[in-house]
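K.L.:
Residue numbers (this note's numbering): 197 to 507.
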Amino acid sequence: MTKACDVLIIGAGPAGLTAAIYAARAKLNTVVLDKTGPGGQIALTGEVANYPGSPDDTGPKLIEKMVQQVHQFGASIELETVVSVDFNEPIKKVVCKEVTYHAKAVIVATGANPRKINCPGEDALIGRGVSYCATCDAEFFTDLEVFVVGGGDSALEEGMFLTKFAKKVTVVQLLDHLTAAKSIQEKALKNDKMHYMLSTVVDEIKGDGIVESIVLKDMKTNERTEYFADPDDGTFGIFPFIGYIPSSSLFEGILDMEDGYIKTDAQMRTNIEGVYTVGDVRVKTLRQVVTATGDGAIAAVEAEKYIENKF
Ligand SMILES: Cc1cc2nc3c(=O)[nH]c(=O)nc-3n(C[C@H](O)[C@H](O)[C@H](O)COP(=O)(O)OP(=O)(O)OC[C@H]3O[C@@H](n4cnc5c(N)ncnc54)[C@H](O)[C@@H]3O)c2cc1C
């Protein structure tokens, strides 16, 4: 079966939903596709304290409001997994399992996912002590202890940021040395709140609704040690910074990329006319809701101008 629209948006996280609001408001026939339904990464978090105007919203609540706005302006959101794309002709083809969409413009908003430790307990305690975003969640760990997992640039930089809130930050690194740039290491080593456990991995995270202990394994001796929260605190934080995985494999060999992230210009244009990329899946310096929504608005306005001139 084929369906046609003006603007097809792949991904219903904050970037894709904002693009839909702007495109639909410009009276373009707009469809948003998402393989798991609207939400994206922000639906994983209980508090979005830094998105302007909604300090008390949970991630799911913020998404619910965005979805209402999308529907209010007449765009539709479909539960679909995109399996391939063909951007060779002016009318782009986006292939899902049962439907192929034909669109005048496509906005890619497939996001990214933090790389997980993949240990028992991690998934169940996301947003309950396990966080992948220091900018978002550092404040919740004011005067608590924090473990940072990883030894690269972002682990140390985010670790140092966390020391502004946490009473102690312990970096847990698989290798027997840190891999962050020397300049970052020098700065981190001067920070009294930063501590290091090298040749160590996180084997398990435990807690009943909130992180209560972490099991660490020494890679040299295979010895497992369970570390419990300070009884006065009852909990502590665990921040894995072991990389991000952009959801861009569909576009390999089609859209220009850098380290798996799709390259755009300031108008969110990719190397293919009529194809835009927004949010966490594009090359950018700050991956947050506020930047994802900004990208979405810009791309929709650009797509509107493109469609008007081209078709
Ligand atoms: C735990 C956590 C807490 C966070 N807290 C905050 C915070 O407090 N404040 C803040 O500003 N930011 C926060 N962030 C970051 C924020 O969530 C992201 O920057 C934002 O969600 C990026 O939006 P996006 O629309 O680009 O991508 P995403 O939110 O990743 O959405 C992408 C969507 O694309 C869909 N998709 C992917 N591939 C396909 C496909 N092939 N077919 C169909 N659909 C597809 C996915 O299902 C997903 O719904 C947090 C992130 C995490 C992980």
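We put the beta carbon where it would ideally sit given N, CA and C, even for glycine.
Have a look at Leu-394 and Gln-237 and give me their C-alpha separation to the nearest angstrom.
P.N.:
Distance between the alpha carbons of Leu-394 and Gln-237 is about 30 Å.
K.L.:
Report yes if the CB atom of Thr-431 is closer than 8 Å to the CB atom of Leu-340, and no otherwise.
P.N.:
Yes, the Cβ-Cβ distance between Thr-431 and Leu-340 is below 8 Å.
K.L.:
Kindly examine ligand 1 and report whether one of its heavy atoms sits closer than 7 Å to the Cβ of Gly-317.
P.N.:
It does not: the Cβ of Gly-317 is nowhere closer than 7 Å to a heavy atom of ligand 1.
K.L.:
Here's a check: name, in chain order, each residue in its chain whose Cβ is nearer than 6 Å to the Cβ of Ala-376, leaving out the five neighbours to either side.
P.N.:
These residues qualify, in order along the chain: Gly-348, Asp-349 and Leu-352.
K.L.:
For the alpha helix (DSSP H) containing Asn-309, name the first residue and the last one.
P.N.:
No alpha helix (DSSP H) contains Asn-309, which is instead part of the beta strand (DSSP E) from 308-310.
K.L.:
Compare the C-alpha of Ala-308 against each of Gly-456, Lys-257, Asp-388 and Ser-280 and name the closest.
P.N.:
Checking every option, the nearest Cα to that of Ala-308 belongs to Gly-456.
K.L.:
When we look at the beta-carbon of Tyr-423 and count the other beta-carbons within 10 Å, is it buried (16 or more) or exposed?
P.N.:
It is exposed - the Cβ of Tyr-423 has fewer than 16 other Cβ atoms within 10 Å.
K.L.:
Would you verify that the beta carbon of Gly-405 is, or is not, closer than 8 Å to some beta carbon of chain B?
P.N.:
No chain B appears in the structure shown, which is made up of a single protein chain.
K.L.:
What is the DSSP secondary structure of Tyr-423, reduced to helix, strand or coil?
P.N.:
Looking at Tyr-423 - three-state DSSP - the assignment turns out to be strand.
K.L.:
Taking the continuous beta strand (DSSP E) assigned at Ser-272, which residues delimit it?
P.N.:
Segment 272-275, the beta strand (DSSP E) holding Ser-272.
K.L.:
State the DSSP-derived secondary structure class of Leu-352, mapped to helix, strand or coil.
P.N.:
Helix at Leu-352.
K.L.:
Looking at the strands, I want to know which residues DSSP matches up with Arg-478.
P.N.:
Ile-458.
K.L.:
Taking 7 Å as the cut-off, is the beta-carbon of Tyr-472 closer than that to any non-hydrogen atom of ligand 3?
P.N.:
What this structure holds is ligand 1, not ligand 3.
K.L.:
Relative to ligand 1, is the shortest distance from any of its heavy atoms to the C-beta of Gly-449 smaller than 7 Å?
P.N.:
No, since every heavy atom of ligand 1 falls outside the 7 Å radius drawn around the Cβ of Gly-449.
K.L.:
Would you kindly work out how many angstroms separate the C-alpha atoms of Thr-366 and Val-345, rounded to a whole number?
P.N.:
Rounded to the nearest angstrom, the two C-alpha atoms are 8 Å apart.
K.L.:
Quick one: what does DSSP say Glu-400 is sitting in, helix, strand or coil?
P.N.:
Note: Glu-400 maps to strand in three-state DSSP.
K.L.:
State yes or no: is the C-beta of Tyr-247 nearer than 7 Å to some heavy atom of ligand 1?
P.N.:
Yes, Cβ of Tyr-247 sits closer than 7 Å to a heavy atom of ligand 1.
K.L.:
Determine the direct distance from the alpha carbon of Glu-274 to that of Glu-469, and round the result to whole angstroms.
P.N.:
Glu-469 and Glu-274: Cα-Cα distance of roughly 25 Å.
K.L.:
With three or more C-beta pairs closer than 8 Å as the rule, is the segment 279-295 touching the segment 255-271?
P.N.:
Output reads no: the segment 279-295 does not touch the segment 255-271.
K.L.:
Just tell me which of Thr-306, Asp-333, Pro-436 and Glu-335 has its CA closest to the CA of Gly-488.
P.N.:
It is worth fixing the name first, because residue 488 is Ala in this sequence and not Gly. Among Thr-306, Asp-333, Pro-436 and Glu-335, the Cα nearest to that of Ala-488 is on Thr-306.
K.L.:
Out of Pro-442, Val-471 and Val-497, which one is the CA nearest neighbour of Lys-480?
P.N.:
Selected option, being the one with the closest Cα: Pro-442.
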